[in-house]
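Participant: Handing you this structure, nothing more for now.
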Amino acid sequence: MSATPCYHCGAPVPAQSPPTATVAGQSQTLCSEACARTAALIEARGLTEFYRFRDGPTGTASNRDTDSQRWQPFDRPALQNEFVVRRPDGLREAHLLLQGVRCAACTWLIESALGAAPGLKSISVDPLTTRASLCWDPQRVALSELLAQLARLGYTPVPYTEDATEQAARQERRVALQRLIVAGLGMMQVMSFAVALYLGAWRDPQIEAYLRLVSLLVSTPVVFYAGAPFFSGAWAGIRGGALGMDVPVALAVGGAWCASVWNTFVGTGEVYFDSATMFVFFLSAARFLEMTGRHRAMSLTGAMAQHLPRVATRLVAGQATQVGVMELEKGDRILVAPGQTLPADGALLSERASVDEALLTGESRPVSRRRGDALVAGSLNTDQVLEMSVVRVGADTLMAQIARLVGDAGARKPRLVEIADRVASWFVAAVLLAAATVALVWWQLAPERAFEIALAVLVVTCPCALALATPAAFTVATTSLARLGFMVRRRGALQNLSRITDMVFDKTGTLTDGQPVVADIQTWQSWSADQALAVAAALESRSSHPLAKAFPVTGTLPPVAEVRAVPGAGLEGSVAGRPYRIGTEAFATAWVSGSASTPDNQAAQRQVYLGDANGLLARFGLAEQQREGARQLTGQLARSGLDLRIFSGDQAGPVSALADTLGITHWRAALQPPEKLAAVEQLQGQGRIVAMVGDGINDSPVLAGADVSIAMGSGTSLAQHSADCVLMSDSLAPVWAAREVARRTLRIVRQNLAWAVAYNLVALPLAATGLLAPWMAALGMSASSLLVTGNALRLARLPASLDAGPATSALAAEPVAACCKKPAGAAS
Amino acid sequence: MTIIYVLIPLGLMLLAAAVWAFFWAVRNGQFDDLETPAWRILMDDDSKPPPEG
């Protein structure tokens with residue numbers, strides 16, 4: 011094996027005569043023809059700067075993807091209807107997910123290489139989300155040509171439709187930014203007038219009245235445009251019967267503004283325009299930051315890649331044509347190549363086939379199907395070309411039903427009352443009561459001051475610190491968890507995480523990394539383990555079968571020839587001139603009927619047998635490797651008093667074996683997606699607060715239904731979309747850190763709330779006695795807000811025990827690339 | 150100090166102009182992606198692609 015990895019993609023380079031390419035005057039070795047072509051293309055375009063600036067090795071597209079034919083179907087109007095926007099000026103726009111984009115250098119390469127293409131109006135690539143938007147003139151260039159060019163650069167494009175939530179998020183962000191700037195600029199202006207008023211610089215009643223009037227003018231848009239969300243939120247809260255944090259905020263802002271307007275026109279008393287605008291700005295800023303963090307986590311994790319292909323090969327009278335999947339109808343006959351995903355539910359027409367139904371079970375294990383058996387859209391064809399007849403397409407497929415189950419489960423999820431909202435509801439009551447009492451008392455003493463002082467009470471008890479307490483703490487906590495690779499996607503996730511009683515894990519892909527490894531080897535006929543492994547690896551190197559990954563290529567392989575896959579049984583081929591079979595026991599021993607040895611069958615493992623003409627040579631016990639940090643995490647969680655469970659779609663044997671090694675006593679196996687959800691809902695029915703950790707499409711409904719859910723970053727995008735949090739690192743360790751941070755966050759939120767209430771208890775008597783000037787109110791409000799924010803900032807420093815070091819500098823690019831790779835066949 | 154009767158309205162006009170400019174930028178998506186533009190300037194655009202055949 012050569013020591014230098016492929017110059018372009020970083021994969022091992024073959025030992026004998028690797029392809030080379032001249033890049034920037036130097037000859038470089040590459041792993042395959044595909045990489046060599048890509049490197050040569052980059053050189054030919056004069057874009058070799060790319061190799062200097064990129065973060066690491068980048069992807070290559072397979073030969074199939076660089077073929078222009080491959081992209082032809084994307085010119086069909088029926089297919090373009092799904093993801094292309096026709097603009098009124100005759101141009102067209104499409105959004106794509108680009109697999110393999112890692113860094114800004116990739117963006118630059120794509121934009122420079124394609125930018126000059128005739129007919130292409132614009133292309134922009136976001137390296138964080140790996141999304142590209144493309145605008146072209148259909149008269150001058152075909153979409154298929156542009157897609158093929160992207161593929162030749164090494165980035166396989168996947169058409170992508172921006173879903174409604176994403177569009178809404180961008181719109182929300184834009185509007186919030188506009189409100190924030192109005193609040194910010196308005197606040198500065200009003201504050202400058204207020205300072206003049208405080209100082210009483212001119213002692214001229216006319217100028218004072220003028221300054222008040224101008225303040226009124228500027229503060230009105232701040233209160234009613236920038237502050238609009240608080241009023242609408244408060245109104246929704248009152249109508250819904252739940253007094254949230256928006257109610258005291260709206261009360262304080264509205265009260266202060268009304269009182270000031272009154273005093274401006276009457277010409278007496280004090281004006282509080284500065285306090286009102288400052289409050290709106292502080293709170294808008296805090297909520298904007300919180301929202302930005304959440305949207306960022308969403309866009310990094312939730313890209314709903316296509317689980318089903320968009321193109322299918324339809325057979326009409328023996329003639330194969332590529333059509334869009336939405337054009338398929340019930341009864342159509344379609345062909346599916348090996349390594350591709352089935353586009354529709356249907357029945358098998360070929361004699362035999364082997365498909366990987368990880369979609370349903372979560373297990374990447376091929377199952378064999380016979381003619382007439384039902385096939386499920388989204389499963390992967392592992393062995394040979396198969397022919398099937400379509401039964402259900404699109405929204406009727408099992409896949410779509412699971413997606414609907416996700417929606418239903420999300421809607422049934424127990425509602426969380428945020429801690430701040432609970433405090434807010436009695437805070438409102440207390441403030442209103444206090445204002446009424448004060449007004450009543452002053453009515454007895456000095457009726458002419460009663461109204462003015464009651465208003466002062468409303469303004470001074472401004473819940474600024476109270477309203478900032480939670481967003482500040484959650485924003486800081488979310489940011490510091492993101493550094494560990496733990497992305498929080500939804501509000502309330504941290505609060506729920508701090509009070510969970512049970513944590514439920516999926517097995518494959520969550521507690522294990524889903525990759526099979528050879529755990530033990532038994533040999534016969536005086537073969538050595540190394541010998542058997544070398545032959546097995548040589549045979550399996552020609553297979554795309556999931557179990558083939560268990561046999562890694564080490565050193566130079568003996569020459570392999572005539573490898574043939576037998577669906578549902580194994581591989582047959584000759585290694586170094588001798589015939590071998592690898593696969594099930596019956597298959598491997600078929601050359602010698604009635605083989606002598608019958609090895610014992612350990613239920614906890616999958617077995618692969620190697621045989622030759624003389625009988626069995628070796629038995630490989632395959633096991634899944636535990637994910638890094640799994641044992642440590644389960645140990646820590648169990649010690650902290652949580653009940654741990656495993657709910658798996660896999661068979662009982664492997665599940666119980668894993669549960670034993672991790673010390674988890676409650677486990678359930680062979681669960682279908684709705685059963686997993688039902689099991690969690692049953693726990694919730696008993697008053698338990700359940701966290702779910704999973705990765706597969708089959709986990710998605712239960713992720714949506716659990717009180718708080720964590721999806722693995724390497725998992726499917728549907729799972730990430732359904733979850734509250736996404737774990738981007740390969741290790742499970744950050745889950746423990748997240749729980750600790752969540753608990754610390756809640757502690758700080760409580761401290762902040764307590765402080766805010768205490769501040770009000772001090773300020774209230776001062777206001778009630780009429781001793782408080784507006785500048786004191788403004789000062790007190792900013793000071794208490796700063797204190798609350800400063801307290802929240804303590805969360806930015808993780809204790810050394812939790813900080814796993816700078817684990818995630820590549821956080822942005824790497825996991826996204828990883829999840830693009832995962833849904834196999836997504837590009838087809 | 151009657152000058153403030155002129156200066157403050159002038160200031161407010163500037164403020165309105167600033168808010169308008171900012172709204173225009175937000176609507177044109179200039180704040181949608183704050184990461185890539187920072188990188189773009191580092192990449193060297195000098196090497197023009199050779200004319201293609």
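Protein sequence lines, in the order shown, are assigned to chains A and B. Note that the working numbering has the first sequence beginning at 11, numbered continuously upward. Note that the working numbering has the second sequence beginning at 150, numbered continuously upward. Beta carbons are placed, not taken as given, at the ideal position from N, Cα and C, and that holds for glycine. Bear in mind that the values here come from a model prediction, so they are computed numbers and not experimental data.
Using a Cβ-Cβ cut-off of 9 angstroms, state whether residue 150 of chain B counts as contacting chain A.
Facilitator: For residue 150 of chain B, the answer is yes, since a Cβ of chain A falls inside 9 angstroms of its Cβ.
Participant: Is it right to say residue 575 of chain A is buried, meaning 16 or more other beta carbons lie within 10 angstroms of its own, or is it exposed?
Facilitator: It is buried - the Cβ of residue 575 of chain A has at least 16 other Cβ atoms within 10 Å.
Participant: Counting only Cβ-Cβ distances shorter than 9 angstroms, please list the residues of the segment 156-171 of chain B near chain A, keeping chain order.
Facilitator: Within the segment 156-171 of chain B, the residues whose Cβ lies closer than 9 angstroms to some Cβ of chain A are 157, 158, 160, 161, 164, 167, 168 and 171, listed in chain order.
Participant: On the three-state DSSP scale, how would you describe residue 252 of chain A?
Facilitator: Correct three-state label for residue 252 of chain A: coil.
Participant: Helix, strand or coil for residue 684 of chain A? Go by DSSP, reduced to three states.
Facilitator: The answer is helix: DSSP assigns residue 684 of chain A an H, G or I state.
Participant: According to DSSP, residue 167 of chain A sits in a beta bridge with which residue or residues?
Facilitator: A:108, per the DSSP bridge assignment.
Participant: Reducing DSSP to helix, strand and coil, say where residue 364 of chain A ends up.
Facilitator: Strand at residue 364 of chain A.
Participant: Can you check which of these residues, A:648, A:248 and A:593, is closest to residue 434 of chain A by C-alpha distance?
Facilitator: With distances taken between Cα atoms, residue 434 of chain A lies closest to A:248.
Participant: Since residue 190 of chain A and residue 298 of chain A should fall inside the 8 angstroms C-beta cutoff, what is the C-beta to C-beta distance between them, to a whole number of angstroms?
Facilitator: The pair is a contact, with the Cβ atoms about 5 angstroms apart (cut-off 8 angstroms).
Participant: Please name the residue, chosen from A:726, A:592, A:286 and A:358, that lies closest to residue 383 of chain A on a Cα-to-Cα basis.
Facilitator: Nearest C-alpha to residue 383 of chain A: A:358.
Participant: Comparing the C-beta of residue 136 of chain A with each C-beta of chain B, is any distance below 9 angstroms?
Facilitator: Yes, contact with chain B.
Participant: Buried or exposed: which applies to residue 485 of chain A, given that a residue is buried once 16 or more other Cβ atoms fall within 10 Å of its Cβ?
Facilitator: The residue in question, residue 485 of chain A, is buried, as its Cβ has 16 or more Cβ neighbours within 10 Å.
Participant: Check the DSSP bridge columns for residue 472 of chain A and list the partner residues they point to.
Facilitator: DSSP output for residue 472 of chain A lists no bridge partner at all.
Participant: Look up residue 793 of chain A in the DSSP assignment and give the residues it is bridged to.
Facilitator: DSSP output for residue 793 of chain A lists no bridge partner at all.
Participant: Alpha carbons only, please: which of A:789, A:735 and A:347 is nearest the one belonging to residue 306 of chain A?
Facilitator: Selected option, being the one with the closest Cα: A:735.
Participant: Contact check, residue 417 of chain A vs residue 705 of chain A under 8 angstroms by CB: the rounded distance?
Facilitator: Contact doesn't hold; Cβ gap of about 19 angstroms is too wide.
Participant: By how many angstroms is the C-alpha of residue 81 of chain A removed from the C-alpha of residue 158 of chain A?
Facilitator: Whole-angstrom Cα-Cα distance: 7 angstroms.
Participant: Quick check: the Cα distance between residue 27 of chain A and residue 420 of chain A, rounded to an integer number of angstroms?
Facilitator: For residue 27 of chain A and residue 420 of chain A, the distance between alpha carbons rounds to 55 angstroms.
Participant: Residue 628 of chain A and residue 527 of chain A look like a contact to me (Cβ under 8 angstroms); what is the Cβ gap, rounded to whole Å?
Facilitator: No, residue 628 of chain A and residue 527 of chain A are not in contact; Cβ-Cβ is about 16 angstroms, not under 8 angstroms.
Participant: Which runs of the alpha helix (DSSP H) fall wholly inside the segment 521-591 of chain A and span at least 4 residues, in chain order?
Facilitator: Listed in chain order, the complete alpha helix (DSSP H) runs (minimum 4 residues) inside the segment 521-591 of chain A are 539-550.
Participant: Is residue 182 of chain B close to chain A, meaning its C-beta is less than 9 angstroms from at least one C-beta of that chain?
Facilitator: Yes, residue 182 of chain B lies at the interface with chain A (some Cβ there is under 9 angstroms from its Cβ).
Participant: Which same chain residues end up closer than 8 angstroms to residue 774 of chain A when comparing Cβ atoms and leaving out the 5 residues on each side of it in sequence?
Facilitator: Hits under 8 angstroms: 444, 467, 470 and 471.
Participant: How big is the Cα-Cα spacing for residue 230 of chain A and residue 237 of chain A?
Facilitator: Approximately 10 angstroms between the Cα atoms of the pair.
Participant: Mind checking who residue 289 of chain A pairs with in its DSSP beta bridge?
Facilitator: In DSSP, residue 289 of chain A forms no bridge with anything.
Participant: Given residue 641 of chain A, which residues of its chain have a CB within under 7 angstroms of its CB, disregarding the five upstream and five downstream residues?
Facilitator: Hits under 7 angstroms: 672.
Participant: Need the endpoints of the beta strand (DSSP E) that residue 45 of chain A sits in, please.
Facilitator: That residue, residue 45 of chain A, is in no beta strand (DSSP E); its alpha helix (DSSP H) goes 43-54.
Participant: Using a Cβ-Cβ cut-off of 9 angstroms, state whether residue 298 of chain A counts as contacting chain B.
Facilitator: No - not a single Cβ of chain B is within 9 angstroms of the one on residue 298 of chain A.
Participant: Counting Cβ pairs, one atom from each stretch, are 3 or more of them under 8 angstroms apart for the segment 707-727 of chain A and the segment 474-489 of chain A?
Facilitator: Segments in contact, no.
Participant: In chain order, what residues of the segment 180-210 of chain A put their CB closer than 7 angstroms to some CB of chain B?
Facilitator: Within the segment 180-210 of chain A, the qualifying residues are 180, 184, 187, 188, 191, 192, 195 and 199.
Participant: Identify the contact partners of residue 217 of chain A in chain B, using a Cβ-Cβ distance below 8 angstroms as the criterion.
Facilitator: Per Cβ cutoff of 8 angstroms: 150 and 153.
Participant: Express the C-alpha separation of residue 86 of chain A and residue 334 of chain A in angstroms, rounding to a whole number.
Facilitator: Distance between the alpha carbons of residue 334 of chain A and residue 86 of chain A is about 8 angstroms.
Participant: Taking the DSSP output, what are the residues bridged to residue 670 of chain A?
Facilitator: Paired residues: none, contrary to the question.
Participant: Using the beta-carbon count (16 or more within 10 Å), is residue 340 of chain A buried or exposed?
Facilitator: So residue 340 of chain A counts as exposed.
Participant: Report the neighbours of residue 151 of chain A on chain B: residues whose CB is nearer than 7 angstroms to its CB, in chain order.
Facilitator: Going along chain B, no residue has its Cβ under 7 angstroms from residue 151 of chain A, so there is no contact; the nearest lies around 15 angstroms.
Participant: What in chain B is Cβ-close to residue 33 of chain A, meaning under 9 angstroms?
Facilitator: What residue 33 of chain A touches in chain B: nothing, since even the nearest Cβ is about 13 angstroms away.
Participant: With distances taken from CA atoms, which of A:587, A:510, A:524 and A:621 is nearest residue 543 of chain A?
Facilitator: If we check each option's Cα against that of residue 543 of chain A, A:621 comes out closest.
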